[in-house]
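For the sequence shown, the numbering used here begins at 3 and goes up steadily by one.
We put the beta carbon where it would ideally sit given N, CA and C, even for glycine.
A quick note: this is a predicted structure, and the numbers were derived from the prediction, not measured.
First the structure, in the form of C-alpha cells, and then the observations on it.
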Amino acid sequence: MSQKVRIKLKSFDHNLVDKSAEKIVKTVKATGAVVSGPIPLPTHKQIFTVLRSTFVNKKSREQFELSSYKRLMDIYSSTSKTIEALMKLELPSGVEVEIKA
C-alpha cells in the first residue's frame, strides 16, 4: 500500500484534540508506520457581540468567543494493518476526523 495518509483533527476543545492525536500516533507507531506530526494549525476564533438588554443600554454589551483547534498528521509507509487499526480506534465524540489517502 505504502502511500501517504493525511489525518486532520478538529474540535472546540484543545484537550480532546491533543489526546486523540496522541492515541492515533501510538496506534500508528505500534503497527510500524512512520508518523509526522501532530502539527498544530492556526486556531480559528469567532467572536460574537450581543446586547445585554433588549431595549435600552446600547453601550452594555457582552462578548462570546468560539475557538476551533486543528491538528494535522501525515502517515508514511502505511500498511493495511495500519488502516485497520485506525478504523477500529475509539475517539471522543467532540472530535471531527478527516482522513485523506
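Would you identify the three-state DSSP class for E92, choosing helix, strand or coil? coil
Completely contained beta strand (DSSP E) runs for the region 27–65, where each covers 3 or more residues: 36–53
Taking all protein chains shown into account, decide if S22 is buried (16 or more other Cβ within 10 angstroms of its Cβ) or exposed. buried
Can you give me the C-alpha to C-alpha distance between G34 and T84, rounded to a whole angstrom? 8 Å
Reference T2; option with closest CA among A87, I101, F50 and L93: Past the boundaries of the shown model lies residue 2; the chain is included only from 3 to 103, so the question cannot be answered.
I77 and V37 - do their beta-carbons sit closer together than 7 Å? yes
Going by DSSP, what residue range makes up the beta strand (DSSP E) through V2? The first residue shown for the chain is 3 and the last is 103, placing residue 2 beyond what the model contains.
Per-residue burial, R73 [other beta carbons within 10 Å of its own, 16 or more giving buried]: buried
Measuring straight from C-alpha to C-alpha, what distance separates P44 and N17? 16 Å
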